[in-house]
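**Student:** Just so you know, my numbering puts 430 at position 88 of the sequence shown, and the rest follows in order with no gaps.
C-beta atoms are modelled at their ideal positions from N, C-alpha and C, and glycine is treated no differently.
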Amino acid sequence: MTTTENIPFLDLITPHVELEAELLEAAQRALRTGYFIGGPEVKRFEDDFAAYCDAKLCVGVGSGTDALRLTYLALGIGCGDIVITVPHTFIATTESISQTGARVQFVDIDEATYNLSPSALRRFLQTKCRIDPATKTTTCIATGERVKAVVPVHIYGQMADMDAIQEIADEYGLLVIEDAAQAHGAKYFSTKQNRWLTAGSIGVAGCFSFYPGKNLGACGEAGAVTTADEELAARIRMYRDHGQRKKYYHDVEGYNGRLDAIQAGMLSVKLKRMPLWTEQRQQAAERYNALLADVDVLTPFEPAHSKAVYHLYVIRTKNRDGLMQYLAEREIGTGIHYPIPLHLQVAYTGHFYKAGDFPIAEAVATEIVSLPMFPHITAEQQERVSAEIEEFLAKQKAPFEG
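Here you go:
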């Protein structure tokens with residue numbers, strides 16, 4: 343590739359061309375066996391993905407949103423409950439909470455990692471809630487609703503500080519559900535357990551998306567839940583299949599949230615490549631870090647407890663919009679993840695949040711930009727991206743102070 347060619351934000355073509363024969367073979371197996379929903383392909387992928395996540399069980403579902411919603415329902419979360427999470431995430435994290443009848447409660451993020459801030463979580467629980475020591479039940483002082491769970495989001499493929507979050511959750515009797523939609527294979531070093539843990543193996547459940555652009559992406563919609571709890575897995579299987587424990591016997595009103603066999607087969611093909619693809623992403627992140635070391639942008643911070651998988655490589659700069667326009671004019675793709683914190687979205691107007699409620703998330707949203715990141719990105723492409731950023735900032739003469 344010459345240095346003047348387009349650099350896409352995401353390359354979904356190259357890996358599929360490389361794997362085309364294997365992916366078509368996976369589709370043909372479904373055509374030739376008649377297993378289109380469920381069946382051996384889904385079971386094989388569930389077993390393999392559970393092993394990949396160091397989890398006991400995996401339940402394949404129709405999407406990452408299904409993974410979240412069905413997990414909340416299977417845990418008994420509903421009307422009268424509060425679920426805590428962050429405003430700096432995709433809306434699937436929270437709309438799936440609201441769809442159970444529960445209420446979303448935001449807390450701010452950590453400015454270095456962009457993940458849920460344990461100190462903000464503790465501050466909310468200490469100042470806005472009360473705990474019954476006898477039952478270890480926590481309720482919101484203002485509304486009397488029970489605070490049922492906390493959902494850390496492993497944003498951009500970087501693990502939240504799970505030891506700290508789990509310790510607070512245990513103290514207040516809360517369930518911990520990992521939103522690992524962007525964190526397939528990410529690692530967290532638990533000082534409490536003195537070992538590395540994998541995303542999706544720490545909380546009561548881990549929820550994954552296999553949307554095509556994810557590190558492990560389907561050729562359509564797909565998702566999964568990982569857990570060590572057999573009864574929870576059984577309830578999620580029931581909810582994903584119209585509330586059936588067996589055909590035509592419905593214990594509850596469920597959903598059509600099943601994983602189809604063609605997507606499961608294709609995911610199995612791609613799962614074998616995940617160690618290599620993850621290593622390539624991590625190497626690309628290291629190259630960006632080196633190339634941008636003397637440039638006036640804030641590069642991702644990776645704490646010692648985290649081995650990020652870089653679903654996204656996100657920098658911060660004051661003139662974000664100007665930089666994106668400048669790069670677009672030079673045919674370099676970028677993105678914003680995410681431009682408006684959820685508490686300021688129109689969809690949450692009725693929750694009575696306002697500007698200033700979560701200042702770190704709000705500040706971050708105006709300055710972040712996601713650079714091209716995919717396993718097959720070349721050093722030459724990254725050098726060009728970095729050179730163009732440096733040239734733009736040199737013209738601005740406005741260094742960023744992080």
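Would you say Pro350 and Gly677 are within 8 Å of each other, going by their C-beta atoms?
**Tutor:** Within the sequence shown, the letter at position 8 stands for residue 350. Within the sequence shown, the letter at position 335 stands for residue 677. Result no, Cβ atoms of Pro350 and Gly677 do not sit closer than 8 Å.
**Student:** So, does the segment 525-542 touch the segment 645-661, judging by three or more C-beta pairs under 8 Å?
**Tutor:** With a cut-off of 8 Å, the segment 645-661 and the segment 525-542 count as touching, because enough Cβ pairs lie within range.
**Student:** Opposite Gly402 in the DSSP bridges: which residues?
**Tutor:** Taking the first residue of the sequence shown as 1, we reach residue 402 at position 60. Beta-bridge pairing links Gly402 to Ala566.
**Student:** For Ile355 and Gly555, I'd like the C-alpha separation in whole angstroms.
**Tutor:** Reading the sequence shown from its first residue, position 13 is the one you call residue 355. Reading the sequence shown from its first residue, position 213 is the one you call residue 555. The alpha-carbon atoms of Ile355 and Gly555 are separated by roughly 11 Å.
**Student:** Can you give the Cα-Cα distance for Tyr668 and Phe734, rounded to whole angstroms?
**Tutor:** By one-based count along the sequence shown, residue 668 stands at place 326. By one-based count along the sequence shown, residue 734 stands at place 392. Distance between the alpha carbons of Tyr668 and Phe734: 7 Å.
**Student:** Is it the case that the Cβ atoms of Ile439 and Tyr414 are separated by a distance below 8 Å?
**Tutor:** The residue you call residue 439 lines up with position 97 of the sequence shown. The residue you call residue 414 lines up with position 72 of the sequence shown. Their beta carbons are under 8 Å apart, which means Ile439 touches Tyr414 by this criterion.
**Student:** At what residue ranges does the segment 423-492 contain a whole run of the beta strand (DSSP E), taking only runs of 3 or more?
**Tutor:** DSSP runs (the beta strand (DSSP E)) wholly in the segment 423-492: 423-427, 445-448, 471-474, 479-482, 488-492.
**Student:** Can you name, in chain order, every residue of its own chain whose Cβ lies under 7 Å from the Cβ of Asp298, other than the five neighbours on each side?
**Tutor:** Here the chain has residues from 343 to 744 only, and residue 298 is not among them.
**Student:** Give me, in chain order, the residues of the same chain whose beta-carbon lies closer than 6 Å to that of Asp408; leave out the 5 immediate sequence neighbours on both sides.
**Tutor:** Indexing the sequence shown from 1 puts residue 408 at position 66. Answer for Asp408: Gly565, Gly599, listed in chain order.
**Student:** Alpha carbon to alpha carbon, what distance is there between Phe550 and Ala525?
**Tutor:** The residue given as residue 525 occupies position 183 in the sequence shown. The residue given as residue 550 occupies position 208 in the sequence shown. Roughly 8 Å between the two C-alpha positions.
**Student:** If contacts are defined as beta-carbon pairs under 8 Å, then Leu665 and Ile731 qualify, I think. What distance do you get, rounded to the angstrom?
**Tutor:** As a working note, residue 665 is residue 323 in the sequence shown. As a working note, residue 731 is residue 389 in the sequence shown. That belief holds up - the Cβ atoms of Leu665 and Ile731 are roughly 7 Å apart, short of 8 Å.
**Student:** If you draw a straight line from the C-alpha of Cys471 to the C-alpha of Gly515, how long is it?
**Tutor:** Here residue 471 refers to the residue found at position 129 of the sequence shown. Here residue 515 refers to the residue found at position 173 of the sequence shown. Answer to the nearest angstrom: the Cα atoms are 12 Å apart.
**Student:** Under the three-state reduction of DSSP, which class applies to Phe694: helix, strand or coil?
**Tutor:** Here residue 694 corresponds to residue number 352 of the sequence shown, with the count starting at 1. Phe694 falls in the coil class under three-state DSSP.
**Student:** State the start and end residues of the unbroken alpha helix (DSSP H) segment that holds Lys737.
**Tutor:** Walking along the sequence shown from the start, residue 737 turns up at place 395. 721-738 is the extent of the alpha helix (DSSP H) around Lys737.
**Student:** Could you tell me if Glu362 is buried or exposed, where buried requires 16 or more neighbouring beta carbons within 10 angstroms of its beta carbon?
**Tutor:** Here residue 362 corresponds to residue number 20 of the sequence shown, with the count starting at 1. Exposed is the call here.
**Student:** Using a Cβ-Cβ cutoff of less than 6 Å, which residues in the same chain neighbour Ser543 once the five nearest sequence positions on both sides are dropped?
**Tutor:** As a working mapping, residue 543 is identified with position 201 in the sequence shown. Excluding positions up to five away in sequence, the list reads Cys395, Asp396, Ala397.
**Student:** To the nearest angstrom, how far is it from the Cα of Pro382 to the Cα of Gly402?
**Tutor:** As a first step, residue 382 must be located in the sequence shown, where it is residue number 40. As a first step, residue 402 must be located in the sequence shown, where it is residue number 60. Going by the C-alpha atoms only, they are around 12 Å apart.
**Student:** Short of 6 Å in beta carbon distance, which residues of its chain neighbour Cys561, apart from the five on each side in sequence? Order them along the chain.
**Tutor:** Here residue 561 is taken as the residue at index 219 of the sequence shown, counted from 1. Correct list, in chain order: Met608.
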